[in-house]
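Residue numbers (the numbering used here), protein chains in the order written: chain B, 212 to 310; chain X, 258 to 746. Even for Gly, the Cβ is constructed at its ideal location relative to N, Cα and C. Since the model is a prediction, treat every value here as computed from it, not as a measurement.
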């Protein structure tokens, strides 16, 4: 199950990464290496192993429905790349996501 | 309904759950009118190192809804990341459910009597809401904006998505399905179901059957903010697709937005992106394993279903289907009606008064029944006075208005209208009649000389007496007494 150059370009697009033509090749090798590693894991006999097994978990930890205000709001806004008053400001959004 | 050209509709409904805090963090869900970005924290702002922890009440509410729909609740489910870039989503993924939703199957009954049928449900799952964007362009439109502003107060608010099978045949059926689901979530107390506020959002998948009966290309329609908008949008979209097919063209698979002002659905500009969400299990969240006894506990807390209640109103009390439908539309209204009957009210009279008087007041004042100032006890006592003939209907309505406008208890309202003594009869009534007869000698003369063939003048005399008696006399008795006087002398 090797990754094609096309797929590398598609994945880069989905991740909003600009990838030069020569980078495509090295990324392709890199991704294929990762897939190969998982391919080796696949060869293990896991017939009777629950895919979600978690030794430490019988019941999911959850919290009561109570409101706890957070006091770091100003810090979050002021450290954003751009803010406008009470809002985070973001660059122009392109409606058409294709290239 | 499998003939070519017939519509096939499936609905995806997002219901905002009425919890105090968000799905995975302790921020308030009360975002309407709040200062932007005040109900936020590292979790719902997607800050590195923060960890989501699920809100127990969200699970309760969703399980309760699933049980009401007769769905199979998954005791072991999990959360996935749905990856896409959009600024209203600070993590660049939405936590949602994918291959193991909280519940699957079930159905929602719509229609009455022989027309009644169950619309099957595909699944019910949990996910988080996104933030809100404000676009900078003067017309508020995205395409014209140089930049956008983001408010994350709504980000992370719990949503329950309920997906129906594509087995809805008409826009009217779709409307009823949504109305019934909205009623259900209100009965369960899990959401206010307000479409205009966006607590209940409907997306519709519409296609027309092909010549061979198979499903045609599916179009998704969004942005319908009321039941009426939903019905109109579907009618428009079905007509549009039929026209496209009639001219020999192909229906395009796309998402279209309903434009309520112009009454049309519009395709989004540009090429439709093939979504590639790269779902994978969220490693920050353990699987959701329901504790033993949890589902049973929710089952125990289940109120009577609205459709069962409606049937009971008809069979136990002999109400018409229409009365029963109106009175069970809101759980509070149904409780009020039940309260009245429990206090001894005649169900038919109570239904009639609630529909005409109580609902009028609620509409005029734009208040829910919970804020209605007249208690079922007082309301029933008032109806009893009408029943016994102590108060005429006209006077009773005046008393009712006083009880509503001044928040007066029944005796005080009756006292204010001078109707304290209750029913007017015997010597007191005779005295009033005699007074009127003395005053209206001309009219009496005319009646006696046969100038009242239609009995209008007799009616006038009765009216005068009733007015003098402030409506507290029995009109039948008054007419009889006046008749005796006129005929005897």
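- At a cut-off of 7 Å between beta-carbon atoms, residue 282 (chain B) makes no contact with chain X.
- The beta carbon of residue 466 (chain X) sits closer than 6 Å to the beta carbons of 261, 263 from its chain, once the five residues preceding and following it are set aside; these are given in chain order.
- Note on geometry: alpha-carbon atoms of residue 627 (chain X) and residue 710 (chain X) lie some 52 Å from one another.
- Under the DSSP assignment, residue 464 (chain X) falls in the beta strand (DSSP E) whose first and last residues are 457–465.
- At least one CB atom of chain B sits nearer than 7 Å to the CB of residue 342 (chain X).
- In this structure, residue 381 (chain X) keeps its C-beta atom at 7 Å or more from the C-beta atom of residue 349 (chain X).
- Cβ atoms of residue 440 (chain X) and residue 385 (chain X) stay farther apart than 8 Å, at about 25 Å.
- Interface criterion not met: the Cβ of residue 410 (chain X) is under 7 Å from no Cβ in chain B.
- Residue contact check for residue 582 (chain X) against chain B: no CB pair falls below 7 Å.
- In this structure, residue 461 (chain X) places its C-beta atom within 7 Å of the C-beta atom of residue 266 (chain X).
- Under the Cβ criterion of 7 Å, residue 456 (chain X) is not counted among the residues facing chain B.
- Interface criterion not met: the Cβ of residue 480 (chain X) is under 7 Å from no Cβ in chain B.
- A distance of 7 Å or more separates the beta carbons of residue 301 (chain B) and residue 300 (chain X).
- Residue 689 (chain X) and residue 718 (chain X) have their alpha carbons spaced roughly 11 Å apart.
- Three or more pairs of CB atoms, one per stretch, sit closer than 8 Å, so the segment 269–279 of chain B contacts the segment 304–311 of chain X.
- In the three-state reduction of the DSSP assignment, residue 241 (chain B) falls in the helix class.
- Going by beta carbons, residue 578 (chain X) and residue 570 (chain X) fall outside the 7 Å limit.
- Under a criterion of Cβ atoms nearer than 7 Å, the residues of chain X adjacent to residue 302 (chain B) are, in order, 404.
- The beta carbons of residue 607 (chain X) and residue 659 (chain X) sit about 19 Å from each other, so the pair does not count as a contact at 8 Å.
- For residue 674 (chain X), the closest alpha carbon among the candidates X:684, X:661, X:653 is that of X:653.
- The C-beta distance from residue 276 (chain B) to residue 278 (chain X) rounds to 5 Å, short enough to fall under 8 Å.
- Residue 355 (chain X) places its beta carbon less than 7 Å from that of residue 536 (chain X).
- With contacts defined by Cβ atoms closer than 7 Å, residue 434 (chain X) and residue 367 (chain X) form a contacting pair.
- In the three-state DSSP reduction, residue 354 (chain X) falls in the coil class, being neither helix nor strand.
- In the structure shown, residue 415 (chain X) falls within a strand segment according to DSSP collapsed to helix, strand and coil.
- For residue 605 (chain X), the enclosing alpha helix (DSSP H) covers residues 604–610.
- Shown here, residue 361 (chain X) sits in a strand according to DSSP, grouped into three states.
- Residue range 337–340 is occupied by the beta strand (DSSP E) that includes residue 339 (chain X).
- Taking a beta-carbon distance threshold of 7 Å, residue 261 (chain B) does not count as an interface residue toward chain X.
- In the structure shown, residue 405 (chain X) falls within a strand segment according to DSSP collapsed to helix, strand and coil.
- In terms of CA proximity to residue 299 (chain B), X:405 leads the group X:405, X:335, X:595, X:544.
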